[in-house]
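Structure record follows, encoded as structure tokens.
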Amino acid sequence: MITDSLVIVLAEDDPGHAQLVQRNLQRAGIANEIVHVSDGQEALDYVHRQGSYQQRLAKPILLLLDINMPRVDGVEVLRQVKQHELLAKIPIIMLTTTDDPREIDRCYELGCNVYITKPVEYEALVEAIRRLGLLLQIVKLPAEAQK
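Just so we're aligned, residue 15 is where the sequence shown starts under the numbering used here, counting upward by one.
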């Protein structure tokens, strides 16, 4: 089960998608803090407690990453986090419209824990996020998945 102290970091450059994800995770029963960052660089700043996040408390993190974002894309965030010895256990879920099998394989090779393709249709997207929320309620996380 997700611990109450776990922070879900949602890296999504589309504010509408970010709001939709947050709202539907909450509707699915997720009460954890959800921090929305608008690109991959901001996600890395959060993880490393740099820039505007240098004062944040050290809490366990779960990353929800879009792939196509400005400055630093989600695949690069995934690569950097999983290559960092102290951060490698942070669970990462790719939540993206990209359904290219080569991209999916690449993300799993880099160490993503789950790859979810966002459906294009609104109702299907809402249902996919609801199911993600249900999954997050039962997932077990390593204690070391924090920074």
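Cβ atoms here follow ideal geometry from the backbone N, Cα and C, with glycine treated the same way.
I need the DSSP call for residue i, collapsed to helix, strand or coil.
| i | result |
| --- | --- |
| I22 | strand |
| E47 | strand |
| I118 | helix |
| A128 | First, the residue type needs correcting, since residue 128 is Val and not Ala in the sequence shown. Three-state DSSP puts V128 in a strand. |
| E81 | Just to set this straight, residue 81 is Ile in the shown sequence, not Glu. Three-state DSSP puts I81 in coil, outside helix and strand. |
| P190 | The shown model of the chain, from 15 to 161, leaves out residue 190, and the question about it has no answer. |
| L10 | The chain is shown only over 15 to 161; residue 10 falls outside these bounds and no answer can be derived. |
| L109 | strand |
| L71 | coil |
Would you mind giving the Cβ-Cβ distance between residue i and residue j, rounded to the nearest angstrom? I have them listed as a contact below 8 angstroms.
| i | j | result |
| --- | --- | --- |
| V61 | V89 | With a Cβ gap of about 15 angstroms, V61 and V89 do not count as contacting. |
| G125 | L92 | 7 angstroms |
| A45 | V51 | The pair is not a contact, with the Cβ atoms about 20 angstroms apart (cut-off 8 angstroms). |
Select from the options the residue whose C-alpha is nearest the C-alpha of residue i.
| i | options | result |
| --- | --- | --- |
| A102 | I75, P115, D80 | I75 |
| D114 | I44, T131, P105, L124 | T131 |
| Q33 | V140, R145, Q151 | V140 |
| L78 | L109, Q64, G65 | L109 |
Residues in its own chain within less than 7 angstroms of residue i by CB, not counting five upstream and five downstream?
| i | result |
| --- | --- |
| Y122 | Y129 |
| D87 | G54, I81 |
| G65 | D59 |
| M83 | A25, D27, D53, G54 |
| S19 | K73, P74 |
Can you find a heavy atom of the ligand SAH that lies under 7 angstroms from the Cβ of residue i?
| i | result |
| --- | --- |
| D114 | This structure lacks the ligand SAH, and indeed carries no ligand of any kind. |
Going along the chain, which residues of its own chain have a beta-carbon closer than 8 angstroms to the beta-carbon of residue i, five neighbours each way excluded?
| i | result |
| --- | --- |
| N127 | P105, I106, I107 |
| V49 | V21, I22, V23, L24, Y60 |
| V39 | For the sequence presented, residue 39 should be read as Leu rather than Val. Excluding sequence neighbours, L39 sits near I22, I48, I143, L146, G147, L150. |
| R70 | Y60, R63 |
How should residue i be labelled, buried or exposed, when 16 other C-beta atoms within 10 angstroms of its C-beta is the threshold for buried?
| i | result |
| --- | --- |
| A72 | exposed |
| Q36 | buried |
Mind checking if residue i is an interface residue toward chain B, Cβ cutoff 8 angstroms exclusive?
| i | result |
| --- | --- |
| G30 | Reference to chain B is not applicable here, since this structure consists of a single protein chain. |
Looking only at its own chain, which residues have a Cβ that is under 6 angstroms from the Cβ of residue i, when we skip the five neighbours before and after it?
| i | result |
| --- | --- |
| E26 | A32, D80 |
| T111 | K132 |
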